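Heads up, the sequence shown is in the working numbering, so the first residue is 7 and it goes up one at a time. Ideal Cβ positions, reconstructed from N, Cα and C, are used throughout, including at glycine. For clarity, every value in this text was computed on a predicted model and none was experimentally measured. Report on one structure; see the data block that follows.
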Amino acid sequence: MSPTSRAPLGAAPFLSPVTRPSTVDLIARELRDAVYSGALRVGSSIREVEIAGQLGVSRGPFREAAQRLVQEGLLTATPGRGLSVVTIGRDRIPALYAARTTVETSAARLAVERARDPEVATVRAAYEALVAAGDSQDPRRIGDADLNLHWTLVAAGGNPWLLRWMTTLIVEVRVASFTVSDEYAVRADSAASHEVIVDLLERRDADGLVAAITTNLDEAVARLTTPQEADVETLEEPHPVPPARLGPIEPTGLV
């Protein structure tokens with residue numbers, strides 16, 4: 007993407023690194039990143055020829071990469087209308103978060119049992135980044151750091167399948183946020199609300215950690231589905247509309 011749209015988003019939206027990414031790998035990552043950031047807006051059409059040209063790739067690998075995102079549920083294919091970015095309305099949010107809860111709590115139990123001190127320290131570092139983001143009062147920075155903390159916790163569990171599912175779920179969570187509101191909102195106390203999660207991981211308290219994660223995600227569902235009833239102070243920014251133009255993919259590492 008362009009320098010303005012390729013902002014650092016943390017590890018969250020990306021799959022685990024591959025040794026020599028193919029053109030298709032890189033295109034898929036760019037498209038996933040664009041959906042996550044809002045550069046490709048929810049419900050918008052994917053103009054294959056235009057975007058492939060912006061990325062500097064041929065239509066064959068672009069189509070293959072786009073089909074990966076269809077399989078992940080981030081793009082939808084409609085006969086006669088082509089591809090578009092999905093929308094996730096309030097009616098689907100409970101099911102989305104039920105899947106997220108299953109992945110995160112399963113990974114949390116693995117992390118308690120198997121994670122070594124360096125992996126636990128990585129989760130603590132992600133939490134400290136969330137604290138710094140909270141100090142900035144920047145809703146988007148807080149949201150990125152929040153999601154990255156959850157992703158890092160799943161990564162600490164050491165199960166690549168859970169991590170792969172979490173990668174897609176995090177982008178879908180962002181899609182849901184963009185779908186249900188004209189403003190992107192995050193908890194003002196996001197850092198404080200996550201402190202107990204990190205503490206419980208460090209204490210190797212599996213049951214407590216699972217309960218804390220479940221409570222955190224249940225509260226997120228409430229904020230997204232019935233925001234008028236959620237008794238939580240939030241920070242908002244207008245619905246992001248980054249420039250939709252993508253820049254050429256760097257050739258380094260292509261096979």
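Could you tell me the boundaries of the alpha helix (DSSP H) in which residue i lies?
i: PRO100; result: 99 to 120
i: LEU81; result: Run containing LEU81: none in the alpha helix (DSSP H); it sits in the beta strand (DSSP E), 81 to 84.
i: VAL55; result: 54 to 61
i: GLY66; result: 65 to 78
In chain order, what residues of the same chain lie with their CB nearer than 7 Å to the CB of residue i, ignoring the 5 residues before and after it?
i: LEU116; result: GLY163, GLY164 and ASN165
i: GLY49; result: SER90, VAL91 and THR93
i: ALA71; result: VAL30, ILE33, ALA34 and LEU37
i: THR240; result: ALA191, VAL192, ARG193 and ALA194
i: SER199; result: ARG193 and ASN222
i: GLU189; result: GLU242, GLU243, PRO244 and HIS245
i: ALA95; result: The displayed chain sequence assigns Gly, not Ala, to residue 95. Hits under 7 Å: THR185 and VAL186.
i: GLN143; result: LEU241
i: ILE285; result: With the chain covering only 7 through 261, there is no way to say anything about residue 285.
i: THR128; result: THR158 and ALA162
i: ALA105; result: LEU175
Please work out which residues of its chain come closer than 8 Å, Cβ to Cβ, to residue i, disregarding the five sequence neighbours upstream and downstream, and give them in chain order.
i: VAL216; result: THR111, ALA114 and ARG115
i: ILE255; result: THR29, LEU32, ILE33, GLU36, LEU61, GLY62 and VAL63
i: ARG147; result: ALA139
i: GLY88; result: SER51, ILE52 and GLU54
i: GLU235; result: ALA228
i: VAL76; result: THR82, ALA83 and LEU89
i: LEU168; result: VAL109, SER112, ALA113, LEU116 and VAL160
i: ARG130; result: VAL204 and GLU208
i: GLY79; result: VAL92, THR174 and GLU178
i: LEU102; result: ILE94, LEU175, GLU178, VAL179 and ALA182
Where does the unbroken beta strand (DSSP E) through residue i begin, and where does it stop?
i: SER273; result: Absent from the model: residue 273. The displayed extent of the chain is 7 to 261, so no value can be given.
Does residue i come out as helix, strand or coil in the three-state DSSP assignment?
i: GLU243; result: strand
i: ALA45; result: coil
i: ILE255; result: coil
i: PRO27; result: coil
i: ASP237; result: coil
Does the CB of residue i have a neighbour CB from chain C at under 8 Å?
i: ALA217; result: The structure shown contains no chain C; it holds only a single protein chain.
Tell me which same chain residues have a C-beta within less than 6 Å of the C-beta of residue i, skipping the five on either side of it?
i: GLY214; result: LEU206
i: ALA58; result: ARG65 and PHE68
i: HIS197; result: Per the sequence shown, the amino acid found at residue 197 is Ala instead of His. Answer for ALA197: LEU136, VAL137 and GLY140, listed in chain order.
i: VAL120; result: The sequence given here has Arg at residue 120, not Val. Closer than 6 Å at the Cβ level, and outside the excluded window around ARG120, lie GLY164.
Would you check whether the ligand ZN has a heavy atom nearer than 7 Å to the C-beta of residue i?
i: GLU78; result: Of the ligands one can find in the structure shown there are none, so the ligand ZN has no counterpart to examine.
Could you tell me which residues DSSP puts in a beta bridge with residue i?
i: SER51; result: SER90
Continuous alpha helix (DSSP H) assignments of at least 4 residues falling wholly in the segment 175 to 233: Assignment of alpha helix (DSSP H) within the segment 175 to 233, counting only whole runs of 4 or more residues, yields 196 to 208 and 212 to 231 in chain order.
Contiguous beta strand (DSSP E) assignments of at least 3 residues, all confined to the segment 139 to 168: Counting only runs of 3 or more, we get nothing.
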